[in-house]
Amino acid sequence: MSTAVEKRPASELEAAERKHDRPWFHPSVNIHETEEELVLTANMPGVESDQIDVQFENGVLTIHGRVPERQRDGTRYLLREYSVGDYHRSFEVSETIDAQRISARYLNGVLTLHLPKVERAKPRRITVAVK
Amino acid sequence: MTRYLSPWTYTQAHPLERLREKMDRMFQDFVVGFPRAGGSGFFSAPAYPALNLWEDETNLHAECELPGIRMEDLDLSVAGNELRLSGHWKDEKAEGAVVHREERASGAFSRGVTLPVDVDADKVSAELRNGVLTITLPKAKAARPRKIDVKCVAR
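Note that the protein sequences, when read in sequence, are chains A and F. So the first sequence is residues 1 to 131, counted in our numbering. So the second sequence is residues 1 to 155, counted in our numbering.
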């Protein structure tokens with residue numbers, strides 16, 4: 001099966017998206033394809049569910065999650081192996097995806113998107129009539 | 001790193017070959033292992049949740065990003081000044097699905113960290129919210145900074 005979702009390089013993102021000074025990250029994603037749909041799961045911990053933005057425009061799917069800073073300035077860190085920032089990533093979606101039926105769910109820090117395929121893209125079994 | 005040619009047979013067991021392998025691996029880890037958010041941790045190895053640790057007067061705090069982990073998949077234990085965190089990600093792949101991309105961490109993980117002070121294991125609490133695990137570890141009484149009154153003795 002051909003890949004229906006492509007990743008866009010970070011350099012193509014709009015300048016408007018980089019208006020904040022905080023670091024931001026590409027969330028790690030898994031993309032699995034079944035006969036019915038593509039399932040995209042993205043690790044986006046620390047986002048409130050009302051702070052997630054999923055946009056689909058001109059064949060580009062964009063996911064964005066705002067992550068509030070969890071610790072105050074001046075926190076005495078003993079170990080700091082990761083930093084906190086917003087999540088942002090874009091994907092090119094082919095026409096085999098039915099954009100009207102894309103659905104999203106956020107649970108336990110993971111954003112799950114279901115991208116159903118248009119009817120004609122699903123493999124069809126054709127029964128052969130035998131006379 | 002160029003191979004070292006010597007009059008003797010060059011085998012895998014050659015000490016310089018081991019050094020070369022170590023250097024290659026170190027370089028790989030350094031180049032590839034920049035902090036990536038979303039549970040991948042500092043190193044690319046899947047089972048390594050990155051940890052943040054900070055303190056205030058009365059508590060140590062530990063925070064870890066574990067997206068997709070549920071409470072029942074997690075095992076947390078504290079003994080003296082050792083904190084141990086282990087668990088596993090559940091396999092979510094649908095039967096017969098084709099994998100186009102698999103960047104998210106998977107499998108089991110186990111992480112131990114030595115805390116700088118002793119903590120009161122009975123009073124440790126943890127909260128898992130939106131994939132972020134926050135652990136509050138009250139410092140053992142002896143470890144807390146105590147204000148010591150200095151008496152001025154007139155001489």
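Heads up, the beta-carbon is just placed ideally off N, CA and C, and yes, glycines get one too. Only a predicted model underlies this, so the values are computations on that prediction, with no experimental measurement involved.
> On the three-state DSSP scale, how would you describe A/Q71?
Replying inline: Three-state DSSP puts A/Q71 in coil, outside helix and strand.
> Quick one: which chain F residues come within Cβ less than 9 Å of A/L79?
Replying inline: Result: L51, N52, L53, W54, A62, V113.
> Which residues bound the beta strand (DSSP E) around A/G65?
Replying inline: For A/G65, the enclosing beta strand (DSSP E) starts and ends at 60-65.
> Where does F/K139 sit, in a helix, a strand or coil, going by DSSP?
Replying inline: In the three-state reduction of the DSSP assignment, F/K139 falls in the strand class.
> Rounded to a whole number of angstroms, what is the C-alpha to C-alpha distance between A/I126 and A/E119?
Replying inline: Roughly 14 Å separates the two Cα atoms.
>> Classify A/N43: buried if its beta carbon has 16 or more other beta carbons within 10 angstroms, exposed otherwise.
In response: So A/N43 counts as buried.
> Would you say F/L128 reaches chain A, if we count a Cβ-Cβ gap shorter than 9 Å as a contact?
Replying inline: At least one chain A Cβ lies under 9 Å of F/L128.
> Using the beta-carbon of each residue, which ones in chain F are nearer than 8 Å to A/G74?
Replying inline: Listed along the chain, the chain F residues whose CB falls inside 8 Å of the CB of A/G74 amount to none; the nearest CB is some 10 Å away.
> Comparing the C-beta of A/T41 with each C-beta of chain F, is any distance below 9 Å?
Replying inline: Using a Cβ-Cβ cut-off of 9 Å, A/T41 counts as an interface residue toward chain F, since at least one Cβ of chain F sits closer than that to its own.
> Is A/E37 helix, strand or coil when you go by DSSP?
Replying inline: In the structure shown, A/E37 sits in a strand (DSSP, three-state: E or B).
> By how many angstroms is the C-alpha of A/V29 removed from the C-alpha of F/L83?
Replying inline: So the two alpha carbons sit approximately 29 Å from each other.
>> Checking 9 Å against the spacing of the C-beta atoms, do A/L113 and A/V54 come in under that value?
In response: Closer than 9 Å, so yes.
> Exposed or buried, A/T75, counting other C-beta atoms within 10 Å across all chains shown (16 or more means buried)?
Replying inline: Exposed, because fewer than 16 other Cβ atoms sit within 10 Å of the Cβ of A/T75.
> F/K123: buried (16+ other C-beta within 10 angstroms of its C-beta) or exposed?
Replying inline: F/K123 should be labelled exposed.
> Around the Cβ of F/L19, are there at least 16 other Cβ atoms within 10 angstroms (buried) or fewer (exposed)?
Replying inline: F/L19 is exposed by the Cβ-count criterion.
>> Short of 7 Å Cβ to Cβ, which residues in the stretch 102-131 of chain A face chain F?
In response: Here the close residues are N108, G109, V110.
> Where does A/S94 fall in DSSP's three states?
Replying inline: Reduced to three states, the DSSP call for A/S94 is coil.
> With burial defined as no fewer than 16 other Cβ atoms inside 10 Å of the residue's Cβ, what is the status of F/K90: buried or exposed?
Replying inline: F/K90 is exposed by the Cβ-count criterion.
> Would you report the Cα separation of A/S103 and A/I52, rounded to the nearest angstrom?
Replying inline: Answer to the nearest angstrom: the Cα atoms are 13 Å apart.
> When you compare each of F/N81, F/S86, F/G68 to F/D75 by their alpha carbons, which one comes out closest?
Replying inline: Closest option to F/D75, Cα to Cα, is F/S86.
> Counting contacts by CB-CB distance shorter than 9 Å, is A/V29 in contact with chain F?
Replying inline: Answer yes: the Cβ-Cβ gap between A/V29 and chain F drops below 9 Å somewhere.
>> Which residue wins for smallest C-alpha separation from A/L40, given the options A/H32, A/V47, A/G109?
In response: Comparing Cα-Cα distances from A/L40 to each of A/H32, A/V47, A/G109, the minimum goes to A/H32.
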